[in-house]
Structures are given as C-alpha cells and as structure tokens.
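Report on one structure; see the data block that follows.
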Amino acid sequence: MSSTATLTRLLLVQPGPTEFDEQGRLKGSLDMPLSEAGFAEANAVASQLCDTPITMIYAAPCESAQQTAALIAAAQPQGGRLVKTKVMDAFQNINQGLWHGKLIEEIKRNHPRVYRQGAEHPLECAAPEGESLGDVQNRIQKALKKCLKRARDETVALVVPNPLASMIRSQLTAEPMPSVWNHCTDTAKWEVVQTEL
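The sequence shown begins at 82 in the numbering used here and counts up by one.
Set out below in structure tokens:
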C-alpha cells in the first residue's frame, strides 16, 4: 500500500427479504417493504453492527433497503444522534422488465436460453424490456466510486439488494460476477470489504 493511499472499510449489507424474496420471485426495481421475517433479519444485522462505528450509511431507494438502513442507524451509539443515511438513486435495483414478479423457476422453464446466459455470462443477461447487468454495472460503478472517495479512512455501510450487492462485491474484489440466478433474492446479511483509494 502506498503512503498516500487511504483505506475505506465498506460494510456491504443486503436488506432483509420481502415477500417476493421469500417466494423466489424476481423483485427487481419493484418497491416492496420488508416481510415480517425480513424485519427480524434486518434487526439482527443492526444488532450485529451496533459495536461497529459507522460514519455514513448509503442505501438503495427501495423500501426494504431504506428500512434496513434505518434499523442499522438507530442501533448505532452516536451520542444520541442518528448516523446519517443517504438514499442514492444510482443504487436502484435492476429493472427486470417483463420478469418483475416472475418465479425464477418459471424463467428457467420458459426461457432456458436466457437462463443459461444469466448463469454463464451474467453481464450480458437482460430481461425483455429490462436493463442488462452490464448497464447496471456501469451505473453503479460511478456512484460507488463517489461514495468511497467521500469516506476516506472511515467505515461506511452500503445497503443494497441483490444482484447489486453481488455486482459491487465483484467490482471491489476483482472476482468474476457469479451466476445472476444465485443472487436474485435477499436475505439480510453483511460483510466487510476493504478498499484502497
């Protein structure tokens, strides 16, 4: 690491599940609240992170991410004030077009070629009338860079649903993007990703 480099500690958080996540349906950019189980999972994540001093929380504009971010902020001991949360439109989940609300198994059965493409070449995969993961990757790359630049030498949380969480992990760790179908639904969890600027 160079002497001028700074290290940002990013807590990559997936929101708790919605009812669509629990049913194995593609939620995409539909705005849905946490399910009852999702609220409990998000609360558990907030409790796990309460001893980690977070300076800023960035969240996707979907309701489940904002609810999860609010629980994390409320659990932070910041001398009686909430950690600031910023909702960023650039982190909106992928537009699944005509596939919104479809079961993943239904897509596998009715669109086997596209399903295979999502497994083998995820960045080229796009739902009819939706956006490709490649387009989404370009959209989030700029926003991610902006967030990390502002957070030099700090710990920030980024609350985003899948497949965005998987894409961000892939970008920051230089690992290949896994099959899109393995990362379509959410379950509240978090991980630490260190990034050097």
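Just so you know, even glycine gets a beta-carbon here, dropped at the ideal spot from N, CA and C.
Here residue 113 is actually not in contact with residue 122; their C-beta atoms are around 15 Å apart, not less than 8 Å. Residue 95 sits buried, since 16 or more C-beta atoms from the chains shown fall within 10 Å of its C-beta.
Residue 168 is bridged by DSSP to 140. Proximity of the segment 222-240 to the segment 198-212 falls short of the contact definition, fewer than three beta-carbon pairs being nearer than 8 Å.
When the Cα atoms are used, residue 124 and residue 147 turn out to be separated by approximately 13 Å. Annotation for residue 98: 115, 116, 118, 119, 122, 145, 266, 267, 268 and 269 place their beta carbon closer than 8 Å to its own, counting only its chain and skipping 5 residues before and after.
Between the segment 124-133 and the segment 149-157, the count of Cβ pairs shorter than 8 Å is three or higher; the stretches touch. For the pair residue 127 and residue 92, the Cα-to-Cα distance works out to about 12 Å. Boundaries of the alpha helix (DSSP H) harbouring residue 195: 193-201, taken from the DSSP string. Here the C-alpha atom of residue 257 lies approximately 6 Å from the C-alpha atom of residue 251.
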